[in-house]
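In the UniProt record's numbering, the protein residues as written are 1 to 147.
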């Protein structure tokens with residue numbers, strides 16, 4: 001009985017643990033989910049952006065934006081425009097609760113990125129992408145990943 005209890009605690013803990021992706025692991029998920037979407041090589045762009053936005057941490061949270069908004073998850077998706085947090089008014093264009101962007105399942109994060117990319121500003125919605133990834137040679141981000 002104790003073993004079952006310990007296993008249950010382990011499983012519960014696993015569900016709430018943050019995940020820090022390796023660059024290659026993230027690149028594989030992005031390549032599978034959206035490479036070439038709207039003309040972007042999002043395996044490269046997403047890895048570059050995630051490195052600079054969250055250091056690949058699914059639990060990353062920034063509640064200190066100058067406009068009072070917050071950013072959630074591995075891609076730092078903003079609650080003013082893309083997700084809802086029940087604290088601030090939001091356009092919620094991705095139709096998702098911000099808390100869903102803080103778990104280790106990034107399929108919903110990827111779906112939200114697809115929505116952001118369809119917007120006229122596209123990847124420019126992310127300051128880190130503009131400052132670190134846009135018009136840069138991103139081949140280093142996938143070096144050694146064997147995609």
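Ideal placement from N, C-alpha and C gives every residue a C-beta, glycine not left out.
Who are residue 49's beta bridge partners in DSSP?
For the purposes of this step, residue 49 is taken as the residue at position 49 of the chain shown. DSSP output for residue 49 lists no bridge partner at all.
Where does residue 87 fall in DSSP's three states?
Residue numbering aside, residue 87 sits at position 87 when the chain shown is read from its first letter. Residue 87 falls in the coil class under three-state DSSP.
Taking a contact to mean a Cβ-Cβ separation below 7 Å, would you say residue 109 touches residue 75 in this structure?
Looking up residue 109 in the chain shown gives position 109. Looking up residue 75 in the chain shown gives position 75. Yes, these two residues count as a Cβ contact at 7 Å.
Return helix, strand or coil for residue 57, following the three-state DSSP convention.
Looking up residue 57 in the chain shown gives position 57. Of the three classes helix, strand and coil, the one that applies to residue 57 here is strand, per DSSP.
Check whether the segment 63–75 touches the segment 40–55, taking contact to mean three or more Cβ pairs, one atom from each stretch, closer than 8 Å.
yes
Which residue's Cα is closest to the Cα of residue 58: 130, 26, 138, 95?
The residue labelled residue 58 in the question sits at position 58 within the chain shown. It is 26.
Per DSSP, cross-strand counterpart(s) of residue 71
Mapped onto the chain shown, residue 71 falls at position 71. Bridge partners of residue 71: 62, 78.
Beta-carbon spacing of residue 84, residue 97 below 7 Å
Along the chain shown, read from residue 1 onward, the residue named residue 84 stands at position 84. Along the chain shown, read from residue 1 onward, the residue named residue 97 stands at position 97. A distance below 7 Å separates the beta carbons of residue 84 and residue 97.
Between 95, 44, 136, which has its C-alpha nearest residue 31's C-alpha?
Indexing the chain shown from 1 puts residue 31 at position 31. Nearest C-alpha to residue 31: 44.
Could you check the C-alpha separation between residue 145 and residue 24 for me, to the nearest Å?
Within the chain shown, residue 145 is the residue found at index 145, counting from 1. Within the chain shown, residue 24 is the residue found at index 24, counting from 1. Their Cα atoms are separated by approximately 5 Å.
When we look at the beta-carbon of residue 60 and count the other beta-carbons within 10 Å, is it buried (16 or more) or exposed?
To locate residue 60, count along the chain shown from 1; it is residue 60. Classification of residue 60: buried, given that the 10 Å Cβ count is 16 or more.
For residue 138, count neighbouring Cβ atoms within 10 angstroms of its own Cβ and tell me buried if that reaches 16, exposed if not.
Numbered from 1 along the chain shown, position 138 holds the residue referred to as residue 138. Looking at its Cβ environment, which holds 16 or more other Cβ atoms inside 10 Å, residue 138 is buried.
For residue 128, which residues of its own chain have a beta-carbon under 6 Å away from its beta-carbon, when the five flanking residues on both sides are left out?
Counted from its first residue, the chain shown places residue 128 at position 128. Taken in chain order, the residues that qualify are 49, 52, 53.
Distance between residue 80 and residue 90 (C-alpha atoms, nearest Å):
To locate residue 90, count along the chain shown from 1; it is residue 90. To locate residue 80, count along the chain shown from 1; it is residue 80. One C-alpha to the other measures close to 5 Å.
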